[in-house]
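Below: the structure, in structure tokens.
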Amino acid sequence: MALRILALLASALLSSTQGVAAPDAEWSRALETIKSIRAEGEGNDLAKPAWQLLAARPARSIPALLEAMDGANDYAANWLRSAVETISQRAVARGEKLPIDALEKHLLDVRHAPRARRMAYELIAQADPSRARRLLPGFLNDPGSELRREAVQQVVAEALKIRSSGDKAAAVAGFQRALGFARDVDQIETIAKQLTELEQKVDLQQTFGWVTKWKLIAPFDNVGGAGFAKAFPPEQKVDLTGEFDGKAGRIRWQDYETLSEYGKVDFNKTFTALKGAAGYAYAEFVSPTARDAEIRLGCKTGWKVWLNGRYLFSRDEYHRGVEIDQYRMPVRLEAGINRILVKNCQNEQTETWASEWEFQLRITDALGTPIASAR
């Protein structure tokens, strides 16, 4: 079977290189071969002749190749993207025109794969830069992060020019507009810095959408790291009125609200800088409707997360570095109250840089747009 497919693909390749378009059946077969590639190289033996057939097609085939990226896995998408690049480079070298109108149609249809839409935009920008510039503002609220980022960057660049001209009010308006659409952390921080320099207050807590109000309980014992795997009472049942045996006596839940711009929930502030300890944080998030979302967490010590009693993920590591949205966990929010439980463990390292015992958490959509609790 494999040999027969190879023979058909080779035959189609020969026809296409002689200037005859490959029949639809052979085109479909080549696409099917590419999209069947799996991890560990499964299907790669057939991928190259299939890719050669596709890459030999004329420039008018590019939109169809981009459309084939819908639903393709990363391996197949890479082969398809490479075929598009080969076709477009060959067309440019020959002075042939790219199908700009069809590319724009693909670009503006948000149902298509974000990476394919981004590639369509790049091809348009290459062929007709002014057309690309006119299209870019329309992507400020795009569901694809790649296009959205560039659109935001264009607004930032314009605001920087206005600021350099001395028009403070117009510059502030530009940066505030960019901030409203920005989702990438580095862009948000860059815009916030500009606004701060222009004497404008930026509420980073609201911009990032941190969960700020919690109940905390600690310390439970984590000497030797043994507490990470041990299920202390909050893992069995969250009883906010209960009193439990802790590492050094009876402990209870305590109210906590973070004032940190970056939403840091700091156990040290409430329980002092303990070592070999484990603690829990509990919050309730109210969603008006059931919906898909992401819990995004940053933490440099051992942690576990549950939503509505269901375990999501964990990392048993200490002081390896932390960043915003370090871990992203897809979840399904229930309509009404959603119960978030975070376990945060501290080890026994005594270096100054190992003193932090904290985490930050927010709930967003897949793009990183914060979702606010209804309560």
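According to numbering that gives the first Met the number 0, the residues represented by the sequence shown are 0 to 374, in order. The beta carbon of each residue, even a glycine, is placed where N, CA and C say it ideally should be. Since we're looking at a predicted model, the values are computed, not measured.
Which whole-angstrom value describes the C-beta separation of residue i and residue j, a residue pair presumed to lie in contact below a C-beta threshold of 8 Å?
| i | j | result |
| --- | --- | --- |
| Lys212 | Glu256 | 5 Å |
| Phe270 | Gly278 | 7 Å |
| Phe358 | Cys298 | 4 Å |
| Phe227 | Gly301 | 5 Å |
| Ile123 | Leu79 | Not really, about 18 Å apart at Cβ, beyond 8 Å. |
| Ala101 | Pro62 | 4 Å |
| Asp254 | Lys200 | The Cβ separation is near 26 Å, so there is no contact. |
| Val285 | Gly224 | Actually they do not touch by this definition, with Cβ atoms about 35 Å apart. |
| Ala289 | Leu332 | 6 Å |
| Lys274 | Gln175 | Not quite, the Cβ-Cβ distance comes to about 44 Å (not below 8 Å), so this is no contact. |
In this structure, does DSSP put residue i in helix, strand or coil?
| i | result |
| --- | --- |
| Asp23 | helix |
| Arg290 | strand |
| Arg147 | helix |
| Val154 | helix |
| Lys342 | strand |
| Lys299 | coil |
| Lys68 | Lys is not the amino acid found at residue 68; the sequence shown has Met there. Coil. |
| Leu139 | coil |
| Pro369 | strand |
| Glu31 | helix |
| Arg132 | helix |
| Leu306 | strand |
| Arg265 | Before going further, note that residue 265 is Asp rather than Arg in the sequence given. Of the three classes helix, strand and coil, the one that applies to Asp265 here is strand, per DSSP. |
| Tyr281 | strand |
| Asp44 | helix |
| Arg331 | strand |
| Glu256 | strand |
| Leu311 | strand |
| Ala276 | strand |
| Ile161 | helix |
For residue i versus residue j, is the C-beta distance shorter than 8 Å?
| i | j | result |
| --- | --- | --- |
| Leu296 | Arg182 | no |
| Val222 | Glu350 | no |
| Pro233 | Ala373 | no |
| Val421 | Ala282 | Nothing can be reported for residue 421, as the shown portion of the chain is limited to 0 through 374. |
| Ala272 | Ser354 | yes |
| Pro98 | Arg59 | yes |
| Leu306 | Asn337 | yes |
| Leu106 | Ala119 | yes |
| Leu360 | Ile294 | yes |
| Ala82 | Trp50 | yes |
| Val154 | Gly137 | no |
| Ala158 | Ala170 | yes |
| Ala292 | Ile190 | no |
| Leu52 | Glu84 | no |
| Ile323 | Val184 | yes |
| Ala115 | Met68 | yes |
| Ala131 | Ile86 | no |
| Arg117 | Leu146 | yes |
| Val264 | Ala280 | yes |
| Glu260 | Leu194 | no |
| Pro113 | Gly143 | yes |
Report buried or exposed for residue i, applying the criterion of at least 16 other Cβ atoms within 10 angstroms of its Cβ.
| i | result |
| --- | --- |
| Tyr310 | exposed |
| Gln205 | exposed |
| Trp352 | exposed |
| Glu95 | exposed |
| Val109 | exposed |
| Phe312 | exposed |
| Gly245 | buried |
| Ile216 | buried |
| Glu196 | exposed |
| Glu208 | A quick correction: the sequence has Gly, not Glu, at residue 208. Looking at its Cβ environment, which holds 16 or more other Cβ atoms inside 10 Å, Gly208 is buried. |
| Ile187 | buried |
| Lys303 | buried |
| Ser27 | exposed |
| Gly241 | exposed |
| Pro329 | exposed |
| Pro128 | exposed |
| Gln125 | exposed |
| Trp356 | buried |
| Val19 | Note that Val19 scores 37 on pLDDT, short of 50, meaning its location in the model is unreliable and no value can be drawn from it. |
| Ala46 | buried |
| Arg148 | buried |
| Leu64 | buried |
| Asp315 | exposed |
| Leu178 | buried |
| Gly308 | exposed |
| Ala76 | buried |
| Ile362 | buried |
| Asp23 | exposed |
| Asp44 | exposed |
Quick one: which unbroken beta strand (DSSP E) runs of 3-plus residues sit fully inside the stretch 166 to 250? Chain order, please.
212 to 220, 242 to 245
For the stretch 70 to 113, list the beta strand (DSSP E) runs that are entirely contained and at least 3 residues long, ordered along the chain.
As for any beta strand (DSSP E) of minimum length 3 sitting wholly inside the stretch 70 to 113, there is none.
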